[in-house]
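For reference, the structure is listed below as C-alpha cells.
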Amino acid sequence: MKKYLISVFAILAGFSLVYFIFIKDGGVFGGDEQVAIERDKASLIKYGFTLDSFEVVEDKVKPNQLIADILLKHHIPMKDIDLMLQRGKDVFDVRKFKANQPYTVFCSKDSTKKAQCFIYEINAIDYVVYDMRDSMFVYAASKPVVTLEQKASGIINNSLYETMTDNGLSAALANELAEVYAWSIDFYRIQKGDKFKVIYDEQQVEGESVNIKRIKAAMFEHSGHEYYAVYFEQNGVSGYYDEESRGMKRQFLKAPVKFSHISSRYTMKRFHPVQQRWKAHLGTDYAAPTGTPIMSTANGVIIEATQNRFNGNYVKVKHNSTYTTQYLHMSRIASGMRRGASVRQGDVIGYVGSTGLASGPHVCYRFWKNGKQIDALGEKLPQSEPISSGNKEKFHAVADVLVETLKSIDYNQKPLAAN
Ligand SMILES: [Zn+2]
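Letter by letter, the sequence shown follows residues 909 to 1327 of my numbering.
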C-alpha cells in the first residue's frame, strides 16, 4: 500500500510538473488553485537559492553602473570585491556587464544586511553567481530551458514584421523567417493578403519565449505562389530547401573580378593612402589592371550607376531585401548599366580604374547586410548546393511530413502561449 501511494505521488508530482510547464492558464485539467500552488512552490527558489533565507533585492543594472557600485551599496568592502572579480575573471568578463540586465542580491536577514550572493543575468538563459558566503566562489549557470515545437501563421496586413508582432509572434521569429526567404522574396514588396505558415522550435525559460532555436519549415504565399522552405543538414552544412529539394539561397561570387589580389581588407581603421589619415575602410579592395571587367557578384537590380568625388564611377546593386553590393573607382561603367537595370550574377557592370579617391587601379567592393556595411569576406555567405542524390530519400522523408503539416495549419494558428 505504501509503495502504491509513493508511486501515485510520483506520478502526480511528475504530472503536475508537466502540467505546470506545458499547460497554460485555463488549461483542461485541474484548476487555477493548483496552478497557483505550483507557482508558489516554484517561486520559493530562484537560481537554486531558497528565497526565504535571505533578504532579496532584485533590480536592473543602471547605465554606467559597475558590479562594485552595487556590492559596495550592499556592504561588501572594496578589497573583497577586487578579490572576487579577480577570481571570477575566467567565468565572466566584467567588461560585458551591461545596463538594463537584471541582477539579484541575496542579503543576510540580520541587521548587517550584507550581500551573501550576487547574481547577474548575462542573458535570458545564462547567469553568473558570485557567492560570498564562506570563501569567494564564482560560477556560471543556466536556467532550465524547455524546447517546444510551435506552429504559427498569419495573413499579411502591412509589413511581415508588424503582422507577426501584431499576432503576438516574436521579432526574433520575424527576423528568422525573413532570413529563410532572403533569396526568394523581397519583403519590401510583399502585399496585403500574402500569407505565411511556420513550424519552429522555440526555447522557453520559466514559461517565457527566450529564443527561436530554429525554423524547421515554412510556407510563404506571395502573389498566389506558395514558397515552401524546409530545414535540412547534409554533409555538415545546414540550409533551407524547397519541397523539390532545390537550395533556396543563391551564392555570391567570391570576388567581383577574376585574376586579382586583395590589396586592402575591410577594417575599422587603416591609413588612407590618398587622404593620408586614419579612417575606417568599409570595403575590400581588389587590385587589378585598368580595364579588367567587374562583375555583379549576384543577381539583382542596379540602384545607382553614377559618379562622385570619392567613389569615382560606381555601381550599386540591390540583390534582395537583405543584401546590397557596391563597386567603386571604375574607369567606366559598362554600357546599359543604368539605374533600374536587372543584372545576373557574373554580368559585367563596369571596368577597373582609379577614378575618385584611389591611389592605383582597383575595385573597392562594398557589402551591405540589412542596411549595415559588413565585411564580405567575414560573412558566411549563403550556400546554394542542392540536396545531393544520395541524400534525397532522407530529405523527402523529413520534408514531405513537414509540408503536409504546414498544409494542415489554418490561418488562426497561434503558438502555445507563454505562462
Ligand atoms: Zn576600398
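Positions of the beta carbon are idealized from the N, C-alpha and C atoms, including for glycine.
On a predicted model such as this, the values are computed, not experimentally measured, just so you know.
task: Could you please give the first and the last residue of the uninterrupted beta strand (DSSP E) stretch that includes Thr1012?
output: Pro1010 to Cys1015
Sub-8 Å separation of Ala1090 and Ser1229 beta-carbons: yes
### Residue closest to Val999, alpha-carbon to alpha-carbon, out of Lys987, Ser1050, Lys970 and Asp1018
Ser1050
Residues that Glu1152 bridges to, as DSSP identifies them
DSSP output for Glu1152 lists no bridge partner at all.
Identify whether Ser1067 lies in helix, strand or coil by the three-state DSSP scheme.
-> coil
- Task: For His982, name the three-state secondary structure that DSSP assigns.
- Result: coil
In whole angstroms, give me the CA-to-CA distance for Ala1266 and Cys1272.
9 Å
Q: Quick one: measure Cβ to Cβ for Phe1026 and Val1013, integer angstroms, because I've assumed they're closer than 8 Å.
A: 5 Å
Rounded to a whole number of angstroms, what is the C-alpha to C-alpha distance between Lys1187 and Lys1177?
5 Å
Open item on the list: If distances are taken between C-alpha atoms only, which option among Tyr1194, Gly1147, Ala976 and Ala1242 comes closest to Asp990?
Closed with: Ala976
Minimum C-alpha distance to Ser1117 - residue among Ser1078, Glu963 and Asp1308: Ser1078
- Query: Of the residues Arg1217, Ala1196, Ser1243 and Thr1200, which one's Cα is nearest the Cα of Ile1210?
  - Reply: Ser1243
- Assign Ala1060 to one of two classes, buried (16 or more other C-beta atoms within 10 Å of its C-beta) or exposed (fewer than that). buried
Review point. Do you know whose CA, among Leu952, Asp1150 and Met1044, lies nearest Ala1023's CA?
Key: Met1044
**C-alpha distance - Asn1221 paired with Gln1099, whole-angstrom precision** = 35 Å
Quick check on the burial criterion: 16 or more other C-beta atoms within 10 angstroms. Buried or exposed for Val1054? exposed
In the DSSP output, which residue or residues are listed as bridge partners for Pro1201?
Tyr1259
message: For Lys970 and Pro1010, what's the separation of their Cα atoms in angstroms?
response: 10 Å
(message) To the nearest angstrom, how far is the alpha carbon of Val1309 from that of Val965?
(response) 50 Å
Practice prompt. Please classify Met1044: does DSSP put it in a helix, a strand, or coil?
Written response: coil
Pick helix, strand or coil for His1304, following the three-state DSSP scheme.
helix
Could you tell me which uninterrupted beta strand (DSSP E) segments, each at least 3 residues in length, are contained entirely in the segment 1117-1180, listed from first to last along the chain? 1133-1142, 1145-1149, 1169-1172 and 1175-1179
*asked:* So if DSSP puts Phe1104 in a beta bridge, which residue, or which two residues, is it bridged to?
replied: Gly1062 and Phe1128
- Query: Any heavy atom of ligand 1 closer than 7 Å to the CB of Cys1272?
  - Reply: yes
Practice item. Within the same chain, show all residues whose beta-carbon is closer than 7 Å to that of Lys1226, passing over the 5 residues directly before and after it, in chain order. Key: Gly1208, Val1209, Ile1211 and Thr1232
Review point. By how many angstroms is the C-alpha of Ile1120 removed from the C-alpha of Glu1110?
Key: 5 Å
- request: Tell me whether the beta-carbon of Thr1192 lies closer than 8 Å to the beta-carbon of Gly1261.
  value: no
- Query: Measuring from the CB of Ser1262, is there a heavy atom of ligand 1 at a distance below 7 Å?
  - Reply: no
Val964 - containing beta strand (DSSP E), residue span: Glu963 to Lys968
Checklist entry - If Phe1095 and Met1127 are in contact, beta carbons under 8 Å, what's the gap, nearest whole angstrom? => result Actually they are not in contact, since the Cβ atoms of Phe1095 and Met1127 sit about 15 Å apart, beyond 8 Å.
Leaving out five residues before and five after Asp1255 in sequence, what residues of the same chain have Cβ atoms less than 7 Å from its Cβ? Met1203 and Ser1204
Where the beta strand (DSSP E) containing Ala1023 begins and where it ends = Ala1023 to Glu1029
Discussion item. Just verifying my parser: in three-state terms, what is the DSSP assignment at Met992?
Written reply: helix
Supposed contact pair Ile1241 and Gly1258 - C-beta distance, whole angstroms, cut 8 Å: 5 Å
* Which of the three DSSP states, helix, strand or coil, is assigned to Met1072? -> helix
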